[in-house]
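Trainee: Take 1 as the starting number for the sequence shown in full-length UniProt numbering and just add one per residue. Even for Gly, the Cβ is constructed at its ideal location relative to N, Cα and C. These numbers come from a predicted model, not from an experiment.
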Amino acid sequence: MDAVILTKFMMILFSSNSLDINNASPRIFQLEFPCAKFYKKGELNIDCSYKNLKNIPDIPPNTVYLNLQHNLITQIPNSTFEHMTNLTVLDLSFNKLQTMNDQTFNGLGNLKHLKLNNNKLTSGMPNKTFEYMSWLTDLDLSFNTLERINEQTFVGLQNLQNLHLNDNKLHYNISSIPTGSLKPLESLTRLSIQNNNFSPKIFHSIVFPDKTISALTMLEILELDVNTGLGDKAILGNGFSSLKNLYLLNACNCQMFILESDTFKYTPNLTHVYLNHCLFSVYRKKHEEFSKLMKLKVLQLNGWLSYSPDIHEDELLALISGLSNTTIEILKMHHLFSSVYSVSLSNIMNNISVELNKTPLQELHFTNNLKLQFNEWDMTVQVPPSLRTLNLCDNSLEALKLNIKQVTSLNLEDNRLGNYLSNNSIWIQENKLEYISLSNNSIYKLHTTIFKGQKYLRVIDLRFNFLKDINFDMTSLVNLEILNLKNNQIKYLSDQSIKELDKVFKNNVNARIDLSNNPLQCSCFTLPFLNWMRLGHKHFTNFCSSDVHLKMELFRCLIHLKM
1 MDAVILTKFM MILFSSNSLD INNASPRIFQ LEFPCAKFYK KGELNIDCSY KNLKNIPDIP
61 PNTVYLNLQH NLITQIPNST FEHMTNLTVL DLSFNKLQTM NDQTFNGLGN LKHLKLNNNK
121 LTSGMPNKTF EYMSWLTDLD LSFNTLERIN EQTFVGLQNL QNLHLNDNKL HYNISSIPTG
181 SLKPLESLTR LSIQNNNFSP KIFHSIVFPD KTISALTMLE ILELDVNTGL GDKAILGNGF
241 SSLKNLYLLN ACNCQMFILE SDTFKYTPNL THVYLNHCLF SVYRKKHEEF SKLMKLKVLQ
301 LNGWLSYSPD IHEDELLALI SGLSNTTIEI LKMHHLFSSV YSVSLSNIMN NISVELNKTP
361 LQELHFTNNL KLQFNEWDMT VQVPPSLRTL NLCDNSLEAL KLNIKQVTSL NLEDNRLGNY
421 LSNNSIWIQE NKLEYISLSN NSIYKLHTTI FKGQKYLRVI DLRFNFLKDI NFDMTSLVNL
481 EILNLKNNQI KYLSDQSIKE LDKVFKNNVN ARIDLSNNPL QCSCFTLPFL NWMRLGHKHF
541 TNFCSSDVHL KMELFRCLIH LKM
C-alpha cells in the first residue's frame, strides 16, 4: 500500500506545472558570472582579475578588453578564444600558465595587446604560437622561465612593435635564440631582453648574437645584458650596423664592462645610453670611448653598490673626455665610488666643467657615492656654463663650496652637511637658483647668510632635519613660494623668525610654509606664535586639510589657554 501511495505522489510531483523542467527559466541552472562587466567608450570591458579562477569562464563575444590577471589558470584549452574576434586587449599576467600551442590564441585576429608575463612558461615557445595575431603590437613574455625561442615562434607578428622577453632564462646563443627567429618581427621598435644572463663568472662573456639582432632593422630601443669578460667578441658587433634607427641602448648586469675606442663603432646614432649595474673599466686612458656618439644626449653610468673595485678616478675622467665633442644634455653617474678609496668631488667636478665646457649639458647627477669627499681647503666646485640642474644627493658630503651661477635646481639631500652649514654658506657668489633641497642632512642650525642674495629662490626644502627655529636671513627671498620644514624639531618660532616670515608673506601672498610633523608646543609662552599661525593659516601647507591633527591641536590649545 505504501508503495502505491509513493508512486502516485511522484507522478503528481513531476506533472506539476510549477516544476515543469521544459518551461523552467535557464537562470535557475546557470552559474553566476564571476567577473565585472562595464562599458567604456561604448566598448565592453570584462574584469576577472583576483578571482582565484582556475579556468577561463565563458566570455561574451563582443568583449573588447579582458582582464584575467592574478588568477590560478594553468592552461588554456584550444579554441577558447575562437569566438572573441572583437578582443583587442588580453591580460593573462600573474597566473600559472605552463604551456601553449599554435591553437591557443585561435580567433584573436584583432588583438593588439597581450600580457603573459609572470607565469610559469618554461622551455621553449612552440612554432607559430602567435600566428593568428597579425595585428598584435605589444607582447609581454617577461618574468617566466623561457629557455628557448624557436625559429618560427613569432611567425605572423609582422606588426609587433614592443616585445618584452626580460627576466627569463634565454641565454645569448643560437641555441636559445636561433638565427632568423626574430626575422618575422619586421615592425619591432622595442626589444627588452635583459636579466636573462646573469652569471657568477665575472670573466664570462655575454654577447647577443650578431646575425640574430641584424634582422630587426626597425629597432629603436634595445634593453639587454652585456659582459665583456675576457673574450675578444665585440659587445655591439657588426650585426648592430643594420639597426640604423636604434637610438636608445640600456645595457645592464655588466659585471665587467671594458670600454674601448670601438665599443660603439656600429651604433653611431645612439642618443640615449644607459649602462646599469656595471663594473666599468677603460682599456686605455684617453681612448675617448664615447667620442663616436656624436648625437649622444643622455648618458647614465650606474655602478654596483656592493661590488668592488670602483672605477678609477682617472678612468672616469677619460670616459668624460670623450663626451667633449658630443651633444650631451644629461649626464647621470651613480654608485661609482662606494668601496675603498676616497675621491675628491672638487677634482672630478672641475674636470667635468673643463671637458664639457662647450657642450649643451643641462643636467648633471652625481649621486650615491659613499667615498666622495670635499675638504674645506679644496677648490670651489665649478660646473659647465650651460648647466641648469645639479644633483649631488646621497654622497656623504660633510662640506661643500659651489660656484653655480646659472644653475636653477640644486639637490643636496641625504648628505652630512649639518655641522658645516651651521657656520658656513655654500656659495661664493649670487646665482639664479630657484629650487634647493637640503633635506636629511642632520641640520640643527643654518648660517645666517646662507640664502643672502638668493632672490630667485622659489622652493627651499629642509625636511627631516633637527632645526628648532628659522635663524637665517630671509630678506633676499622675495620670490619664495614654499619653505618646507616638515619633520624637524620646531616647538615654536621666535619673534625674529616671525618677522622674517612676515616679510616673505608680504612680498608673496601665495607663499607657503609646511610645519607639519613638528612637536609644536602649547603654552602661555608660545601663545603669540600659535595665534600668529591661526591668523595666517592660509600660508601654512597642511594646516586645513591633510594635517587635521595640527589644526585641532592648535585650536584646542588656544581654547585651553583662554580658559
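For D47, collect the residues of the same chain with a Cβ closer than 7 Å to its Cβ; drop the 5 residues on either side in sequence, then sort them by chain order.
Mentor: One-based indexing of the sequence shown puts residue 47 at position 47. Cβ neighbours of D47 beyond the five flanking positions: C35, A36, N67.
Trainee: DSSP puts T327 in a beta bridge; with which residues?
Mentor: As a working note, residue 327 is residue 327 in the sequence shown. BP columns for T327 are empty, so no partner.
Trainee: The beta strand (DSSP E) that contains E223, what's its start and end?
Mentor: What you label residue 223 is simply residue 223 of the sequence shown in a count that begins at 1. E223 -> beta strand (DSSP E) spans 221-225.
Trainee: Kindly indicate the opening and closing residues of the alpha helix (DSSP H) around Q300.
Mentor: Translated into the one-based positions of the sequence shown, residue 300 becomes position 300. Not the alpha helix (DSSP H): Q300 falls in the beta strand (DSSP E), residues 298-303.
Trainee: Tell me whether L275 sits in a helix, a strand or coil according to DSSP, three-state version.
Mentor: Working through the sequence shown from its first residue, we reach residue 275 at position 275. L275: strand per DSSP, three-state reduction.
Trainee: Can you check DSSP and say which residues form a bridge with V459?
Mentor: As a working note, residue 459 is residue 459 in the sequence shown. Paired residue(s): Y435, I482.
Trainee: In angstroms, rounded to a whole number, what distance separates the CA positions of K128 and L157?
Mentor: By 1-based counting over the sequence shown, the position of residue 128 is 128. By 1-based counting over the sequence shown, the position of residue 157 is 157. Cα to Cα, K128 sits roughly 9 Å from L157.
Trainee: Take N52 as the anchor and find which of I59, P61, N95 has the nearest alpha-carbon.
Mentor: Here residue 52 corresponds to residue number 52 of the sequence shown, with the count starting at 1. Comparing Cα-Cα distances from N52 to each of I59, P61, N95, the minimum goes to N95.
Trainee: Check for me: the beta strand (DSSP E) holding G180 runs from which residue to which?
Mentor: Taking the sequence shown and counting its residues from 1, one reaches residue 180 at position 180. Counting along the chain, G180 falls outside any beta strand (DSSP E), and DSSP gives it neither H nor E.
Trainee: Considering Cα atoms alone, identify which of S214, N484, N325 is closest to N465.
Mentor: In the sequence shown, counting from the first residue as 1, residue 465 sits at position 465. Nearest of S214, N484, N325 to N465, Cα basis: N484.
Trainee: Please say whether T380 and Q362 have beta carbons closer to each other than 8 Å?
Mentor: By one-based count along the sequence shown, residue 362 stands at place 362. By one-based count along the sequence shown, residue 380 stands at place 380. Cβ distance not < 8 Å, so Q362 and T380 don't count as in contact.
Trainee: Tell me the rounded alpha-carbon separation between V504 and L387.
Mentor: By one-based count along the sequence shown, residue 504 stands at place 504. By one-based count along the sequence shown, residue 387 stands at place 387. Roughly 29 Å separates the two Cα atoms.
Trainee: Assuming the contact rule is C-beta atoms closer than 8 Å, G237 and Y266 should be a hit. Round their C-beta distance to whole Å, please.
Mentor: Here residue 237 refers to the residue found at position 237 of the sequence shown. Here residue 266 refers to the residue found at position 266 of the sequence shown. G237 to Y266, Cβ: 7 Å. Contact.
Trainee: Closest to H204 by CA distance: which of E220, V226, T189 is it?
Mentor: What you label residue 204 is simply residue 204 of the sequence shown in a count that begins at 1. Nearest of E220, V226, T189 to H204, Cα basis: V226.
Trainee: Exposed or buried, which one is S523 when buried takes at least 16 other CB atoms within 10 Å?
Mentor: The sequence position of residue 523 within the sequence shown is 523, counting from 1. Answer is exposed; the Cβ neighbour count stays below 16.
Trainee: With DSSP run on the structure shown, which of helix, strand or coil describes F366?
Mentor: Within the sequence shown, numbered from 1, the residue matching residue 366 stands at position 366. Under the three-state reduction of DSSP output, F366 falls in the strand class.
Trainee: Please state whether DSSP places Q382 in a helix, a strand or coil.
Mentor: Within the sequence shown, the letter at position 382 stands for residue 382. Of the three classes helix, strand and coil, the one that applies to Q382 here is strand, per DSSP.
Trainee: Would D469 pass as a contact of T449 if the rule is Cβ separation under 8 Å?
Mentor: Your numbering for residue 469 matches position 469 in the sequence shown. Your numbering for residue 449 matches position 449 in the sequence shown. For D469 and T449, no; Cβs fall outside 8 Å.
Trainee: Using the rule of at least 16 other Cβ atoms within 10 Å of the residue's Cβ for burial, across every protein chain shown, is P385 buried or exposed?
Mentor: Against the sequence shown, residue 385 aligns to sequence position 385. P385 is exposed by the Cβ-count criterion.
Trainee: Quick one: residues in its chain with C-beta nearer than 8 Å to the C-beta of R416, no 5 flanking neighbours on either side, listed in chain order?
Mentor: Here the question's residue 416 lines up with position 416 in the sequence shown. Hits under 8 Å: S396, L397, E398, N441, S442.
Trainee: Three-state secondary structure (DSSP) at E355?
Mentor: Taking the sequence shown and counting its residues from 1, the one referred to as residue 355 is at position 355. In the structure shown, E355 sits in a helix (DSSP, three-state: H, G or I).
Trainee: Please state whether DSSP places E313 in a helix, a strand or coil.
Mentor: If you number the sequence shown from 1, residue 313 lands on position 313. Looking at E313 - three-state DSSP - the assignment turns out to be helix.
Trainee: By DSSP's criteria, I206 is part of a beta bridge. Which residues make up the other side?
Mentor: Position 206 of the sequence shown, counting from 1, holds the residue named residue 206. Partner(s): N227.
Trainee: At the level of alpha carbons, what is the spacing between Y132 and V155?
Mentor: Taking the first residue of the sequence shown as position 1, residue 132 is located at position 132. Taking the first residue of the sequence shown as position 1, residue 155 is located at position 155. Looking at the two C-alpha atoms, the distance is approximately 9 Å.
Trainee: Check the C-beta distance from L457 over to I428 and give it rounded, since I have them as a contact under 8 Å.
Mentor: Residue 457 sits at position 457 when you count from the first residue of the sequence shown. Residue 428 sits at position 428 when you count from the first residue of the sequence shown. Not really, about 17 Å apart at Cβ, beyond 8 Å.
Trainee: What three-state label does DSSP hand A251 in the structure shown?
Mentor: Position 251 of the sequence shown holds residue 251. The answer is strand: DSSP assigns A251 an E or B state.
Trainee: Between the alpha carbons of Q75 and S291, how many angstroms are there, rounded?
Mentor: Taking the first residue of the sequence shown as position 1, residue 75 is located at position 75. Taking the first residue of the sequence shown as position 1, residue 291 is located at position 291. If I take the Cα positions, the gap works out to 52 Å.
Trainee: Starting from G156, trace the beta strand (DSSP E) both ways and give me its first and last residue.
Mentor: The residue you call residue 156 lines up with position 156 of the sequence shown. Premise fails: G156 is in no beta strand (DSSP E) and is neither H nor E.
Trainee: What number of angstroms, rounded off, separates the C-alpha of N101 from the C-alpha of T137?
Mentor: For the purposes of this step, residue 101 is identified with residue 101 of the sequence shown, where counting begins at 1. For the purposes of this step, residue 137 is identified with residue 137 of the sequence shown, where counting begins at 1. A direct Cα-to-Cα measurement between N101 and T137 gives close to 20 Å.
Trainee: Contact check, F143 vs N117 under 8 Å by CB: the rounded distance?
Mentor: For the purposes of this step, residue 143 is taken as the residue at position 143 of the sequence shown. For the purposes of this step, residue 117 is taken as the residue at position 117 of the sequence shown. Yes, they are in contact, since the Cβ atoms of F143 and N117 sit about 5 Å apart, within 8 Å.
Trainee: Residues in the same chain with beta-carbon distance under 7 Å from T326, minus the five sequence neighbours each way, listed in chain order, please.
Mentor: Walking along the sequence shown from the start, residue 326 turns up at place 326. These residues qualify, in order along the chain: F290, L293, M294, L296, T359.
Trainee: Give the range of the alpha helix (DSSP H) segment to which F505 is assigned.
Mentor: By 1-based counting over the sequence shown, the position of residue 505 is 505. 495-507 is the extent of the alpha helix (DSSP H) around F505.
Trainee: Counting only the same chain and skipping the five closest in sequence on each side, list residues whose C-beta sits under 6 Å from that of F38.
Mentor: As a first step, residue 38 is located in the sequence shown; it is residue number 38 there, counting from the start. Closer than 6 Å at Cβ, skipping near neighbours: N45.
Trainee: Buried or exposed: where does V407 fall if 16 or more other Cβ atoms within 10 Å of its Cβ makes it buried?
Mentor: In the sequence shown, the residue the question calls residue 407 occupies position 407. When all chains shown are included, V407 counts as buried.
Trainee: Helix, strand or coil, according to DSSP, for Y420 in the structure here?
Mentor: By 1-based counting over the sequence shown, the position of residue 420 is 420. Looking at Y420 - three-state DSSP - the assignment turns out to be helix.
Trainee: If we count the other Cβ atoms within 10 Å of its Cβ and call it buried at 16 or more, is P60 buried or exposed?
Mentor: Against the sequence shown, residue 60 aligns to sequence position 60. By the neighbour-count rule (16 or more Cβ atoms within 10 Å), P60 is not buried but exposed.
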